[in-house]
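Going by the UniProt record's numbering, the first residue of the sequence shown is number 1, and it counts up by one from there.
Below is one structure; the comments refer to it alone.
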Amino acid sequence: MAETTHLTASCQCKTCTWTFTLPTASLPLPAHLCHCDSCRRTHGALATYHARAPAPPSPVFDSMTAYPTSTYSTRYFCSTCGTHMGDQKPESGRWTLSTAVVDRSDGVFDFDYHIFVCDQPDGGMADWVAVVDGKTVKRWARHVGDGEVEAGWSQEKTGGLTAATAERLEGSCQCGGVQFEIQRPGMSSSEVADVFARMDRFEEHTLLGLRRPESKNEHPGRWPGQNCTCGLCRLASGCDIMPWVYVLSDRISSKEDGSFQDCFGTLKEYRAANSKLVRRFCGKCGALVSAHDEPSPEAFAVAAGLLMDKSGAKAEEWVAWSEVVGCAEDGLNKSLVKGLQSGVKDWTTAK
């Protein structure tokens, strides 16, 4: 009898949990990073991480909210905690699993290509995950085979983008149920990071790494940003890598009534038992929106994938990205995290 491997998928609150079995010889499963706008704005991350796998049993679907993003794809997330578990094609029933929700990753998933890189004017975060486990991760303009994209690609380099500076940055989830605006900070990105570092409830994000005291560029007019690979952020977003932008509460407002302090629009809240932070997500499309301290937050970690900057997904006119990966030691897929650490360092050095 052929050897098999048992894997368990679970959301952060454990309501959506199932075990599936694969032939050991089929591992690792091919996995990819998708940079399309729908993926980015339904998860809140700059890319999603998917692989084909058996669909969950029918009872699990009862605990998930379905959100169709097109006629050929329906996304499913936990109705309680917001974890995106996967996507399904309605006609065939084919399930695409969020790799972040599986209890093991190294040796299980092989991240070997990016898709829809050209959906983002700046190429998204493809440059941040250029090599995994010693292998170059291919980049496709759209679907696999639709034209390979070179490293460092952007519309600006090809003459298709003109950078523009604005004083307000809009953000929105995929369904539009959560919309907000961010203003420029009145201090440097390092000074903003210092504010967060003094808030002990944010220490789980290793925010000291944002301060970069060795940097000569204090990034005036930009908010600090950092990738996190801790288990809580991974499950909150359904993504192996969760990029956050850290914003002071007096500089962010909802487009509905001006307040970002209270729940608005289609927001829902969830706090994991072992977390110091409250995480908010859209109850309609599942997008992770923010994380904050209780009870009166003076600052928010905002999901970078929801920002709508004309320069691209990384919103470089607004965000100063740290080369330090938060909670790297907690990352589930060690090869992916090492690739991210190397890629972000090379990218920030080149900047």
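Built from N, CA and C at the ideal position, the CB exists for glycine as well.
- The beta carbons of ARG280 and GLU298 sit no closer together than 9 Å.
- Taking every protein chain shown into account, the CB of HIS84 has 16 or more other CB atoms within 10 angstroms, so this residue is buried.
- Take the alpha-carbon of ASP240 and the one of ASP257: they are about 33 Å apart.
- Judged by DSSP secondary structure, ARG234 falls within the alpha helix (DSSP H) whose first and last residues are 231-237.
- Cβ contact annotation for ALA55 (same chain, cutoff 7 Å, sequence separation greater than five): GLN88, GLY93 and TRP95, in chain order.
- In terms of Cβ geometry, ASP112 and LYS138 form a close pair [threshold 9 Å].
- In the DSSP assignment, TYR246 forms a beta bridge with ALA301.
- In the DSSP annotation of this structure, the continuous segment of the beta strand (DSSP E) that includes PHE77 starts and ends at 73-78.
- In the structure shown, LEU336 falls within a helical segment according to DSSP collapsed to helix, strand and coil.
- About 22 Å separates the CB atoms of SER311 and PHE300; that is not less than 8 Å, and the two are not in contact.
- Comparing alpha carbon positions, the residue from GLN341, ASP37 and GLU294 closest to LYS276 is GLU294.
- Within the segment 21-80, the runs of beta strand (DSSP E) at least 3 residues long that lie entirely inside it are, in chain order, 29-34, 48-52, 64-70 and 73-78.
- Within the same chain, no Cβ atom closer than 6 Å to the Cβ of GLU316 is found once the five residues on either side in sequence are excluded.
- Taking PHE264 as the centre and dropping the five residues before and after it, the same chain places the C-beta of SER254, GLU256 and ASP257 closer than 7 Å to its C-beta, in chain order.
- Looking from the CA of THR348, the closest CA among HIS32, LYS338 and VAL324 belongs to VAL324.
- Close CB contacts of GLN174 within its chain, under the 7 Å cut and outside five residues either way in sequence, are with SER38, ARG41, THR42, THR69, CYS285 and ALA287 (chain order).
- For CYS282, DSSP records a beta bridge to LEU267.
- DSSP, read as helix, strand or coil, puts ALA350 in helix.
- In the displayed model, GLN120 falls within coil according to three-state DSSP, outside both helix and strand.
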